[in-house]
Amino acid sequence: MAKSKKPSGPQPQSDAYVGLLVVSLLAQIAGAVLLYMEYSSYPDKKPPAVQNSPALTSAQPQPQPQPMDPMPPMPMPMQP
Numbered sequence: 000m001a002k003s004k005k006p007s008g009p010q011p012q013s014d015a016y017v018g019l020l021v022v023s024l025l026a027q028i029a030g031a032v033l034l035y036m037e038y039s040s041y042p043d044k045k046p047p048a049v050q051n052s053p054a055l056t057s058a059q060p061q062p063q064p065q066p067m068d069p070m071p072p073m074p075m076p077m078q079p
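Quick note on numbering: the sequence shown equals residues 0 to 79 in numbering that gives the first Met the number 0.
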């Protein structure tokens with residue numbers, strides 16, 4: 000049987016980035032819990048039916064609005 004070798008040298012240590020990963024994981028878990036709490040607060044019944052509005056008559060076309068100028072014309076400055 001082969002002997003297992005232990006790696007030589009120092010073992011890697013946790014740094015600030017590992018802490019940021021833990022903080023982000025906790026934030027995602029908290030967000031998922033809050034999202035579930037918000038979703039569960041809605042009732043399970045169907046929304047009320049919407050009343051249909053009367054149909055528009057298509058005999059006369061609706062007038063189209065005229066496009067506006069993006070900027071009104073500016074007066075030319077007076078030169079001496």
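All C-beta atoms in this analysis are idealised placements derived from N, C-alpha and C, irrespective of residue type, glycine included.
Treat the numbers as computed from the prediction; the structure is a model and nothing was measured.
Open item on the list: Considering just the uninterrupted stretch of the alpha helix (DSSP H) at V87, what are its terminal residues?
Closed with: Look at the range of the chain in this structure, 0 to 79, and you will see that residue 87 is not part of it.
- [ ] Return the CA-CA distance between Y41 and Y35, expressed in angstroms with no decimal places.
- [x] 10 Å
- [ ] May I have the straight-line CA-CA distance separating P9 from V17, to the nearest angstrom?
- [x] 18 Å
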